[in-house]
Structure formats: C-alpha cells, structure tokens
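Letter by letter, the sequence shown follows residues 1 to 246 in the numbering used here.
Every residue gets a Cβ at the ideal spot worked out from N, C-alpha and C, and that includes glycine.
Each remark here refers to the structure printed beneath this line.
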Amino acid sequence: MKILLLKDKQITSAKLKRVQKQLEAMYADHAIIKLEWAIEEMDYTEYPVEEYSPGDFGIKRAWIRDKCAEVHKRWREEIDHVVFMVHSDNWELPGVWGWNLSKVYSGYGVQQVRFADVPTHTIERNTNNSVGTLYHELMHDHDAFVYTYLGINIEPLVKVDDWDHNLVHGNSEKWKYIRFNENLDGLATISPLLRQAITKRREIFTHYTGLQKQVIALLQQKAVLLRQLIAEQRGDIAILEDNVCK
Ligand SMILES: [Zn+2]
C-alpha cells in the first residue's frame, strides 16, 4: 500500500520517521502489508476550510479536489492514498483530528490528519497521537478500497453492519475507538481482501500503462507511415531513406 504524504514543512523528518515506523510495523505484523511512502512538502500556513456537517470543519473539498488532480498527473494509480498531513500549529479544524474521503478525488483514499506534538504511541490511550490518527483515517478507507476493486463488502467478515460506525468508531461490543492500536484484529481479518484489492489496483495500473505505451507506439508508427506516404507522393526518396520517427 503506497501512501503519498503531503507533509507540512513544519513537521520534522525525525518525528515523521517515528510515525512511519510504528505504522509500518502495525500493517506488517497484522496485515502482512508493506507500507510504501512518497513524501512531498507543503506549506500549510494558509489553506481554505469549510463546514462539512454542523459544527465540524474540514479542509475545503474543492481545494482538495484540485490538489488531488495535480497529484494524479504526477502519480496516477501508483499511489493509493493521499494524506494532507498538517502540523498541529497549522491545524485549523477545532475539535477534529482528521477526515477520510474515500474514492471521491482522482480515485484516491484521501486523508486529512493533524500531526501532534507527541506524534507516536508513547503512553496507552493517548488519543493525541499522529500514528493513531493516521491509522484511524486509513481504516475508514479500507471498506471502500476493497469494495471498489473486488466488489466485496467487508462488514460480514468482522460481523458488523457498518464498518465505519461499528468498527472504526467502536460502536459495538468488540471494537474500540481509542486511537491506540485499536481493532488490529479487524485489520488482520480483512487483510487477505485488502491485499487482493491492492494487487488488483496494481494490475489495473500496469495494464493501463501498458496500453498507453501501445498507443504511443501505434501513433509513432502512424507518423512514420504518413511521412512515407507523403514522400512517395512527392517521389522524395531522400525522406524515405531517412524515415525515422523522432
Ligand atoms: Zn473516524
């Protein structure tokens, strides 16, 4: 699973590394999934916000849509998630730690997360930690991700009606909402499907890239033939002999 972090330039690499390492271990140990990263820096001293639901603010969706479209030009389907990672000093969404928007913008799982001053799991149940927040928002995405690529609902596997409400938000007997290593059993249970879905997305990307190459090759061939045709009509042997397409 490859994640593009659009990281606030105020976040130090050392702190970010610690978060990445903890998250990598969680996915490796419980889902047998290798996390891969791409990192680009962003300036979050100013960004637009809007009300998502009464009293709950998020980063303006039109702004996110445009950023994701830019990202798609560079990365296409090579990445699965785009994370807007904002340092707590620049976080302008009071009372909210993060948001997930699945498959809305350029086909990505999009997360907005607050990067806390104490980023890692240092004490039990510290809800104010970046590992827990990022993991929580990624978890929100997994049901949509699996459904998109395999057409399968993951809820029956973990015996809930609603993945987001019952499991990720802990509204059921078995599952918790504490942002500290929560619901890793759930992650393990759905992991075979999650791995299959990731493979499927890769296959689609590889197929698409292959098709793109074929189209380019065909267009080049067409250009060669056109030049040949024109040269023949003109009786221009010199062009024919030098008939390479550049
Ligand atoms: Zn949530």
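Between the CA atoms of residue j and residue i - distance to the nearest angstrom
i      : j      : result
His207 : Asp66  : 26 Å
Ala14  : Asp80  : 24 Å
Lys247 : Leu23  : With the chain running from 1 to 246 in the structure shown, residue 247 is simply not present.
Leu6   : Gln233 : 55 Å
Asn166 : Met85  : 26 Å
Leu93  : Val49  : 8 Å
Glu173 : Val118 : 30 Å
Leu184 : Leu219 : 50 Å
Met26  : Ala144 : 20 Å
Met139 : Leu226 : 53 Å
Lys34  : Arg195 : 10 Å
Leu193 : Asp162 : 17 Å
Leu16  : Tyr108 : 22 Å
Ile152 : Ala188 : 16 Å
Tyr149 : Lys103 : 11 Å
Gln228 : Ile216 : 18 Å
Lys21  : Ala62  : 32 Å
Thr175 : Tyr147 : Strictly speaking, residue 175 in this sequence is Trp, with Thr absent from that position. Roughly 21 Å between the two C-alpha positions.
Gln221 : Glu77  : 27 Å
Asp164 : Ile32  : 22 Å
Glu46  : Trp97  : 18 Å
Lys307 : Gly186 : Limits of the chain in this structure are 1 at one end and 246 at the other, which puts residue 307 out of reach.
Ile64  : Asn171 : 29 Å
Val19  : Val224 : 53 Å
Limits of the unbroken alpha helix (DSSP H) element including residue i
i      : result
Glu70  : Arg61 to Trp75
Gly248 : No statement about residue 248 is possible, as the shown extent of the chain runs from 1 to 246 and does not include it.
Leu167 : Element bounds for Leu167: n/a, residue is neither H nor E.
Val113 : Taken as a continuous stretch (DSSP letters only), Val113 belongs to no alpha helix (DSSP H), being part of the beta strand (DSSP E) at Gly109 to Phe115.
Gly132 : Ser130 to Leu150
Lys17  : Ser13 to Ala31
Residue i and residue j closer than 8 Å at C-beta
i      : j      : result
Trp99  : Gly58  : yes
Leu4   : Val110 : no
Tyr52  : Asn90  : no
Ile204 : Leu157 : no
Phe115 : Ile39  : no
His142 : Ile154 : yes
Ser106 : Cys68  : yes
Asp29  : His87  : no
Glu36  : Lys2   : yes
Val113 : Val82  : no
Limits of the beta strand (DSSP E) - the one that residue i falls within
i      : result
Lys7   : Lys2 to Asp8
Tyr44  : No beta strand (DSSP E) contains Tyr44, which DSSP labels as neither H nor E.
Phe84  : His81 to His87
Leu101 : Gly98 to Ser102
Residue-chain proximity (residue i, chain C), Cβ-Cβ < 8 Å
i     : result
Gly98 : Among the chains of the structure shown, chain C does not appear; only one protein chain is present.
Query raised in the report: Three or more beta-carbon pairs under 8 Å between the segment 128 to 145 and the segment 175 to 182, yes or no?
Result: yes
Query raised in the report: Whose beta carbon lies closer than 6 Å to any heavy atom of ligand 1, going through the chain in order?
Result: His136, His140, Val168 and His169
Query raised in the report: Pairing CB atoms from the segment 193 to 200 with CB atoms from the segment 209 to 226, are three or more of them under 8 Å?
Result: Touching, no.
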